[in-house]
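Trainee: Residue numbers (the numbering used here), protein chains in the order written: chain A, 4 to 194; chain B, 10 to 522. Quick one: the structure is below, questions incoming.
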């Protein structure tokens with residue numbers, strides 16, 4: 004555990020194959036096992052240590068996000084996916100901005116996870132944003148909103164290539180989980 | 010889903026095996042530390058044009074070689090290379106180290122071997138300065154990268170005389186090689202300082218490398234006095250090769266803590282009160298195999314020998330033999346079944362590590378990620394092999410190591426051990442798991458991820474090493490643990506210590522001898 008870690012959260016990274024999930028996390032996570040484990044087991048875990056504002060005010064708190072990078076191919080049996088999803092406290096759904104079907108499938112992944120873990124904090128990453136022309140951003144954003152009816156917050160445009168918003172999306176998810184945890188069950192004292 | 014081949018399982022166990030892998034770092038001075046391989050167009054280096062590129066190491070190291078992508082325009086001239094410190098954003102006047110090389114006319118990476126090795130500091134800026142006193146047509150060409158961001162931490166610079174510098178608009182192609190040194194210390198502890206004749210004790214030989222680089226080799230030579238005889242050792246578990254009687258060699262000892270046990274027995278032909286001094290000589294080398302000073306640790310064992318038993322009538326011996334024989338059989342059974350606990354993980358049922366304790370350090374692997382991967386492997390195996398039944402995975406075996414998994418209601422206890430468990434360890438793991446459930450089950454049932462809520466859990470883990478759990482800081486919720494503690498205390502090995510931290514040599518010191 005990182006010195007100063009106050010919270011540890013399980014988060015899942017979901018989305019279709021080749022949308023850039025693994026590349027996205029590799030931008031800043033602690034990644035110690037080869038990617039072949041993702042294809043063998045259907046998932047691989049990495050870790051991101053970040054600091055966020057202390058929800059109780061003043062200073063920051065350390066958060067370790069344990070990230071289950073779930074294989075995008077639909078060959079992973081549902082029961083195994085359910086096992087991986089169990090206990091998830093937050094999810095980042097990833098799509099490829101240039102492949103419309105991946106946008107549609109993003110919501111399927113989220114719904115599948117919600118069935119196991121409940122409606123946990125969710126962020127949507129519109130990945131490979133570096134490939135978008137500036138003029139296309141507004142169009143794609145509108146398209147995403149139209150296709151994701153339950154999307155409360157707008158998608159966050161990310162790029163594993165340039166690093167755009169990658170740290171931000173994980174920090175924001177951690178903040179949202181802490182906020183939700185604080186709302187549902189106030190932080191207790193020592194056990 | 011198709012049933013995976015057993016070979017797949019071996020792949021799955023690889024991350025677990027890494028947990029205890031022996032050091033594998035390479036021992037040579039040429040490890041690439043910093044570089045920029047982006048190639049654009051060339052820049053001439055000649056009498057009126059000195060060329061420089063700055064770089065900043067992200068960690069300290071000893072500089073051994075620099076490579077420039079260059080070629081000689083003329084015939085058999087040498088390109089000079091210096092390393093300089095930074096002065097106000099440009100190369101300082103003084104040369105820290107330098108050399109010159111006669112390169113070929115074809116473009117390629119030109120090696121500059123540097124001697125002596127120069128120690129570079131982390132995040133400090135240094136300059137590679139190239140010069141050639143010949144004319145432009147006879148000088149060298151050093152390749153640029155087409156942009157100033159090819160190597161973002163540095164920049165290129167030009168000078169007519171090596172003194173007055175201006176920035177260039179592009180970075181240059183370069184590679185900087187070096188190595189990091191180990192920082193070694195050695196300690197030896199013994200499980201007992203006093204032995205009865207025939208009794209055995211274990212020496213723990215601890216080698217700690219607090220540096221960033223590996224030691225090319227460490228030799229450990231053990232000398233036992235006449236009062237102690239060798240029984241066995243497990244140096245091979247951490248890559249030790251026996252090169253002679255009681256002599257071991259460990260190659261490429263990487264950063265971290267490495268320990269092995271050597272078991273000895275007290276002779277019965279020494280007089281009572283004999284002090285037998287075991288001697289451990291350590292002969293380390295630096296990263297490149299250069300010998301470092303020899304270090305010697307000694308541990309003194311006192312042997313009690315009250316002499317031969319008095320003459321008893323045969324029938325007394327016969328009667329006494331029954332319980333003694335039974336006791337010996339029990340002792341042999343216990344010894345055969347002895348397990349040595351290496352690591353303990355308490356993992357929340359969803360895969361988050363709650364607590365971890367280790368007998369040996371596990372360099373390079375993050376315990377949180379290991380715990381999460383272990384959970385992933387468990388889920389996978391259960392899905393693959395359990396069919397519709399909900400049968401949890403209870404263990405993994407690989408090589409000399411085993412992982413015992415004790416599933417609880419809200420957490421799983423994973424105990425990594427070697428040797429054979431006669432059931433004692435399994436019982437203790439079960440009892441510990443129950444204790445955790447008793448004290449933390451309610452919190453873990455709907456745990457939010459707040460580590461403050463499980464503070465104190467780690468203090469329960471030493472029970473698996475036969476130690477009394479430190480529960481002084483734990484505000485438990487009620488019931489007693491029911492865990493039976495070992496009779497002997499860790500103080501035995503503390504007394505025997507010649508320094509450093511203490512590690513119990515057996516999980517069950519009460520079962521020794």
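In this text, a Cβ means the ideal position worked out from N, Cα and C, and glycines have one as well.
Under 8 Å between C-beta atoms, does residue 50(A) make it to chain B?
Mentor: Taking the first chain and counting its residues from 1, one reaches residue 50(A) at position 47. Contact of residue 50(A) with chain B is assigned, a C-beta pair being separated by under 8 Å.
Trainee: If you drop the 5 nearest sequence neighbours on each side, which residues of the same chain put their C-beta closer than 6 Å to that of residue 341(B)?
Mentor: Taking the first residue of the second chain as position 1, residue 341(B) is located at position 332. Summary for residue 341(B): the model assigns pLDDT 43, below 50, so the residue's position carries little reliability, and this model does not support an answer.
Trainee: How big is the Cα-Cα spacing for residue 473(B) and residue 438(B)?
Mentor: Looking up residue 473(B) in the second chain gives position 464. Looking up residue 438(B) in the second chain gives position 429. Near 7 Å, if we compare the C-alpha coordinates of residue 438(B) and residue 473(B).
Trainee: Which residues of chain A have a Cβ atom closer than 9 Å to the Cβ of residue 170(B), listed in chain order?
Mentor: Here residue 170(B) refers to the residue found at position 161 when the second chain is read from its first residue. In chain order: nothing, as chain A lies at least about 40 Å away.
Trainee: Within the chosen definition, does the segment 196-210 of chain B reach the segment 177-184 of chain B through at least 3 CB pairs nearer than 8 Å?
Mentor: no
Trainee: Among 157(B), 209(B), 310(B), which has the Cα closest to the Cα of residue 242(B)?
Mentor: Sequence index remark: in the second chain, residue 242(B) carries index 233 (1-based). That would be 209(B), whose Cα lies nearest to the Cα of residue 242(B).
Trainee: Taking DSSP's pairing of strands, which residues face residue 232(B) in a bridge?
Mentor: Taking the first residue of the second chain as 1, we reach residue 232(B) at position 223. According to DSSP, residue 232(B) bridges with 288(B).
Trainee: Between residue 75(A) and chain B, is any beta-carbon pair separated by less than 8 Å?
Mentor: By 1-based counting over the first chain, the position of residue 75(A) is 72. Taking a beta-carbon distance threshold of 8 Å, residue 75(A) does not count as an interface residue toward chain B.
Trainee: Using a 10 Å radius around the Cβ and a threshold of 16 neighbouring Cβ atoms, would you call residue 118(A) buried or exposed?
Mentor: The residue labelled residue 118(A) in the question sits at position 115 within the first chain. Its Cβ having fewer than 16 others within 10 Å, residue 118(A) is exposed.
Trainee: Report the residues of the segment 438-459 of chain B with a CB closer than 8 Å to any CB of chain A, ordered along the chain.
Mentor: 448, 449, 452, 455, 457, 458, 459
Trainee: Hey, how far is the Cα of residue 403(B) from the Cα of residue 463(B)?
Mentor: Locating residue 403(B) in the second chain gives position 394, where the first residue counts as 1. Locating residue 463(B) in the second chain gives position 454, where the first residue counts as 1. Straight-line Cα distance between these residues: approximately 24 Å.
Trainee: By how many angstroms is the C-alpha of residue 360(B) removed from the C-alpha of residue 119(B)?
Mentor: By one-based count along the second chain, residue 119(B) stands at place 110. By one-based count along the second chain, residue 360(B) stands at place 351. If you take the alpha carbons of residue 119(B) and residue 360(B), they lie about 50 Å apart.
Trainee: Between residue 10(A) and chain B, is there a C-beta pair that is closer than 8 Å?
Mentor: Stepping through the first chain from its first residue, residue 10(A) is reached at position 7. With 8 Å as the cut-off, residue 10(A) counts as an interface residue toward chain B.
Trainee: Rounded to whole angstroms, what is the Cα-Cα separation between residue 475(B) and residue 246(B)?
Mentor: Counting from one through the second chain, the residue named residue 475(B) turns up at place 466. Counting from one through the second chain, the residue named residue 246(B) turns up at place 237. Between residue 475(B) and residue 246(B), the C-alpha separation is close to 22 Å.
Trainee: When you compare only the Cα positions, how much space is there between residue 98(A) and residue 32(A)?
Mentor: Walking along the first chain from the start, residue 98(A) turns up at place 95. Walking along the first chain from the start, residue 32(A) turns up at place 29. The alpha-carbon atoms of residue 98(A) and residue 32(A) are separated by roughly 19 Å.
Trainee: Are any of the Cβ atoms in chain B nearer than 8 Å to that of residue 44(A)?
Mentor: Locating residue 44(A) in the first chain gives position 41, where the first residue counts as 1. Chain B, which has a Cβ nearer than 8 Å to the Cβ of residue 44(A), makes this yes.
Trainee: Taking the beta carbon of residue 219(B) as the centre, do at least 16 other beta carbons fall within 10 Å, making it buried, or is it exposed?
Mentor: The sequence position of residue 219(B) within the second chain is 210, counting from 1. Exposed, by the Cβ-count rule.
Trainee: Just to confirm the assignment, what range does the beta strand (DSSP E) spanning residue 27(A) have?
Mentor: In the first chain, residue 27(A) corresponds to position 24, counting from 1. Run containing residue 27(A): none in the beta strand (DSSP E); it sits in the alpha helix (DSSP H), 24-29.
Trainee: Alpha carbon to alpha carbon, how far is residue 113(B) from residue 135(B)? Give it in angstroms, no decimals.
Mentor: Residue numbering aside, residue 135(B) sits at position 126 when the second chain is read from its first letter. Residue numbering aside, residue 113(B) sits at position 104 when the second chain is read from its first letter. Residue 135(B) and residue 113(B): Cα-Cα distance of roughly 27 Å.
Trainee: I believe residue 191(B) touches residue 154(B) by the beta-carbon criterion, under 8 Å. Please report the beta-carbon distance rounded to the nearest angstrom.
Mentor: Working through the second chain from its first residue, we reach residue 191(B) at position 182. Working through the second chain from its first residue, we reach residue 154(B) at position 145. Wrong, their Cβ atoms sit about 35 Å apart, outside the cutoff.
Trainee: Quick check: what's the CA-CA separation for residue 262(B) versus residue 225(B)?
Mentor: Here residue 262(B) refers to the residue found at position 253 when the second chain is read from its first residue. Here residue 225(B) refers to the residue found at position 216 when the second chain is read from its first residue. For residue 262(B) and residue 225(B), the distance between alpha carbons rounds to 7 Å.
Trainee: How many angstroms separate the CA atom of residue 493(B) from the CA atom of residue 307(B)?
Mentor: Position 484 of the second chain, counted from the start, is the residue given in the question as residue 493(B). Position 298 of the second chain, counted from the start, is the residue given in the question as residue 307(B). With a pLDDT of 26 at residue 493(B), under the threshold of 50, the predicted position of this residue should be treated as unreliable, though the coordinate-derived value follows. Spanning the two alpha carbons is a distance of roughly 34 Å.
Trainee: Determine the contact status of residue 227(B) and residue 216(B), defining contact as a CB-CB distance below 8 Å.
Mentor: Position 218 of the second chain, counting from 1, holds the residue named residue 227(B). Position 207 of the second chain, counting from 1, holds the residue named residue 216(B). Yes, the pair counts as a contact, with Cβ atoms nearer than the cut-off.
Trainee: Distance check for residue 285(B) and residue 487(B), CA to CA, integer angstroms please.
Mentor: Taking the second chain and counting its residues from 1, the one referred to as residue 487(B) is at position 478. Taking the second chain and counting its residues from 1, the one referred to as residue 285(B) is at position 276. With a pLDDT of only 30 at residue 487(B), under the threshold of 50, the placement of this residue in the model should not be trusted; the figure read from the coordinates follows. Cα to Cα, the separation comes out at about 49 Å.
Trainee: With burial defined as no fewer than 16 other Cβ atoms inside 10 Å of the residue's Cβ, what is the status of residue 89(B): buried or exposed?
Mentor: Here residue 89(B) is taken as the residue at index 80 of the second chain, counted from 1. Residue 89(B) should be labelled buried.
Trainee: Alpha carbon to alpha carbon, what distance is there between residue 470(B) and residue 485(B)?
Mentor: Reading the second chain from its first residue, position 476 is the one you call residue 485(B). Reading the second chain from its first residue, position 461 is the one you call residue 470(B). Because the pLDDT of residue 485(B) is 35, which lies under 50, any placement of that residue in the model is unreliable, and the number read from its coordinates should be weighed accordingly. When rounded, the distance between both Cα atoms is 15 Å.
Trainee: Indicate the three-state DSSP secondary structure (helix, strand or coil) for residue 376(B) in the structure shown.
Mentor: Here the question's residue 376(B) lines up with position 367 in the second chain. DSSP places residue 376(B) in helix when its eight states are reduced to three.
Trainee: If we cut at 8 Å on Cβ distances, does residue 424(B) have a partner in chain A?
Mentor: Locating residue 424(B) in the second chain gives position 415, counting from the first residue. Answer no: the Cβ-Cβ gap between residue 424(B) and chain A never drops below 8 Å.
Trainee: Is DSSP giving residue 404(B) helix, strand or coil here?
Mentor: On the second chain, residue 404(B) is found 395 positions in, with the first residue counted as 1. In the three-state scheme derived from DSSP, where H, G and I count as helix and E and B as strand, residue 404(B) is classed as strand.
Trainee: State the DSSP-derived secondary structure class of residue 384(B), mapped to helix, strand or coil.
Mentor: By 1-based counting over the second chain, the position of residue 384(B) is 375. Note: residue 384(B) maps to helix in three-state DSSP.
Trainee: I'd like to know whether the C-beta of residue 538(B) is nearer than 8 Å to at least one C-beta of chain A.
Mentor: This structure cannot speak to residue 538(B), because chain B is shown only from 10 to 522.
Trainee: Hey, how far is the Cα of residue 145(A) from the Cα of residue 351(B)?
Mentor: Here residue 145(A) refers to the residue found at position 142 when the first chain is read from its first residue. Here residue 351(B) refers to the residue found at position 342 when the second chain is read from its first residue. The alpha-carbon atoms of residue 145(A) and residue 351(B) are separated by roughly 55 Å.
Trainee: Note down, one range per segment and in chain order, each beta strand (DSSP E) of at least 3 residues found wholly within the segment 136-177 of chain B.
Mentor: Within the segment 136-177 of chain B, the complete beta strand (DSSP E) runs of at least 3 residues are 149-152, 165-168.
Trainee: Output, in sequence order along the chain, the residues in the segment 376-394 of chain B whose CB is closer than 9 Å to any CB in chain A.
Mentor: 376, 377, 378, 379, 380, 381, 382, 384, 385, 386, 387, 388, 389, 391, 392, 393
Trainee: Please classify residue 50(B) as buried or exposed, where buried requires at least 16 neighbouring CB atoms within 10 angstroms.
Mentor: The residue you call residue 50(B) lines up with position 41 of the second chain. Exposed, because fewer than 16 other Cβ atoms sit within 10 Å of the Cβ of residue 50(B).
Trainee: Is the Cβ of residue 461(B) closer than 8 Å to any Cβ of chain A?
Mentor: Translated into the one-based positions of the second chain, residue 461(B) becomes position 452. Yes, because at least one Cβ of chain A sits closer than 8 Å to the Cβ of residue 461(B).
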